[in-house]
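What follows is a set of notes on a single structure, which appears directly below.
In the working numbering, the protein residues as written are 98 to 589.
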């Protein structure tokens with residue numbers, strides 16, 4: 098299988114290189130899009146970068162809407178700064194978009210969803226194409242209908258590619274037979290590696306004996322690993338996946354501990370204990386909390402053992418984010434016990450954006466990476482830059498939208514929906530709409546930072562944060578897919 102894959106890889110590499118001279122602009126862009134959709138792009142980074150440079154320099158005047166939209170989509174997704182004015186030619190004298198071809202509409206919609214702040218033409222493009230696509234959804238069928246439905250739920254740039262690659266391979270092979278054969282082999286090779294990693298993770302999880310001691314906690318280690326594969330699936334990130342899964346599993350235990358177990362007094366004691374990072378401080382804790390604290394220390398020690406001497410400086414960053422997380426959890430316990438509803442969404446997010454743990458997970462996603470994750474990168478992420486802040490807000494608001502009804506049935510901390518109702522004096526339905534609008538506005542912040550040419554962080558690192566955001570969107574698209582998981586907890 099590996100030998101066949103290497104042979105096909107050589108053939109695909111030659112195809113990409115030859116495309117510069119024997120393929121049209123649209124065909125070259127389609128080739129890159131196909132490679133990315135089946136998660137083969139990591140095998141051909143140099144060849145793709147050469148093509149992207151050519152595509153960026155291409156003259157697109159006179160091209161049709163589908164070509165221009167794909168041009169804008171690919172370059173924006175890869176961090177190139179391209180002007181949305183390229184879409185001006187597709188508007189009539191009144192400024193309305195003159196497009197009715199379903200393929201054109203879908204391409205424009207996916208491109209425009211990469212909008213940063215202040216780009217009115219892209220805002221109008223999203224509104225126009227979304228309205229048109231929704232109106233034709235009942236009249237189309239087949240793979241294209243699925244594409245439209247998926248795009249309306251989650252635009253292409255926000256989707257987790259590795260989750261969709263298998264579907265794309267099986268349904269879009271025409272014209273790319275060699276690429277699709279390689280994709281199938283590559284998927285199987287990667288899957289074998291992922292299965293071995295999952296065995297390592299589940300042995301570690303069972304060794305913690307958390308489930309036998311903590312009946313209130315969710316057993317979600319398989320879901321944690323599935324989540325992390327969406328952050329980085331490539332073979333070279335094996336250590337990163339294992340480390341991030343361990344931290345995510347511990348975060349889940351901490352979340353449940355503060356959410357459903359222990360009094361306010363216990364929570365405050367536990368928080369002080371974690372702040373101290375001193376095992377001796379655990380003597381005053383209830384036995385279960387004492388046990389959890391010990392497992393946090395053990396897990397961090399096991400992560401540190403995975404690092405080289407030159408990488409061990411990364412651990413204090415991780416520890417500080419864990420401390421910040423439990424402080425946020427403890428603040429929410431106080432809110433819950435006092436029945437306090439923050440007066441504004443901003444006040445709520447000051448705490449709840451941190452309790453979503455995305456700042457911690459962003460930092461952790463760097464820890465298992467190699468030399469590209471420098472001390473400068475950890476200083477950057479520890480300051481919770483705009484990209485990470487946007488991720489934290491998107492997660493919190495998406496979570497609250499999906500979990501509101503369920504959490505209202507229990508004694509749970511007030512959500513951002515409650516704060517929105519209080520701040521604006523509106524009904525829950527109106528508050529939901531406002532929260533949804535806030536998510537879209539935050540995506541503009543995220544896109545703006547993704548396209549920020551002054552950001553010195555390597556795209557390989559920023560991609561982890563983008564992928565974390567994508568996985569969050571996936572998990573909360575239908576419902577809280579983590580809490581309400583139907584995935585089997587049986588492990589290899």
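Think of the CB as a built atom: it goes at the ideal place given N, C-alpha and C, for glycine as much as any other residue.
The three-state secondary structure of residue 169, taken from DSSP, is helix. DSSP, read as helix, strand or coil, puts residue 561 in helix. Taken through DSSP and simplified to helix, strand or coil, residue 529 comes out as helix. Within the region 207-249, there are no complete beta strand (DSSP E) runs of at least 3 residues.
The Cβ atoms of residue 130 and residue 105 do not sit closer than 8 Å to each other.
Distance from residue 328 to residue 495 at the Cβ level is roughly 17 Å; contact not present, criterion being Cβ atoms closer than 8 Å. As the crow flies, the alpha-carbon of residue 154 is around 49 Å from that of residue 299. Taking a cut-off of 8 Å on C-beta distances, the region 415-434 does not touch the region 484-491, as fewer than three cross pairs fall below it. Residue nearest to residue 174 within the set 160, 163, 183 and 133 is 133 (criterion: CA-CA distance). Apart from sequence neighbours up to five positions away, the residues of its chain that approach residue 260 with a beta-carbon distance below 7 Å are 327 and 571, ordered along the chain.
Here residue 141 carries a coil assignment [DSSP, helix/strand/coil]. In terms of Cβ geometry, residue 543 and residue 566 form a close pair [threshold 8 Å]. Rounded to whole angstroms, the gap between the alpha carbons of residue 399 and residue 364 is 25 Å. Taking 8 Å as the upper bound for CB-CB distance, residue 548 and residue 484 are not in contact here, some 11 Å apart.
The shortest CA-to-CA distance from residue 535 to any of 443, 125 and 177 is the one to 443.
Residue environment analysis places residue 289 among the exposed positions, since fewer than 16 neighbouring C-beta atoms fall within 10 angstroms of its C-beta. Short of 7 Å from the beta carbon of residue 202, and not among the five residues preceding or following it, lie these beta carbons of its own chain, in chain order: 196, 226, 229 and 230. Spatial neighbours of residue 250 in its own chain (CB-CB distance under 8 Å, excluding positions within 5 residues in sequence) are listed in chain order as 574. Spatial neighbours of residue 240 in its own chain (CB-CB distance under 6 Å, excluding positions within 5 residues in sequence) are listed in chain order as 268.
In the three-state reduction of the DSSP assignment, residue 315 falls in the coil class, being assigned neither a helical nor a strand state. Per DSSP, the beta bridge partners of residue 194 are 188. Within the region 240-309, the complete alpha helix (DSSP H) segments at least 4 residues long are 258-268 and 274-305, listed from N- to C-terminus.
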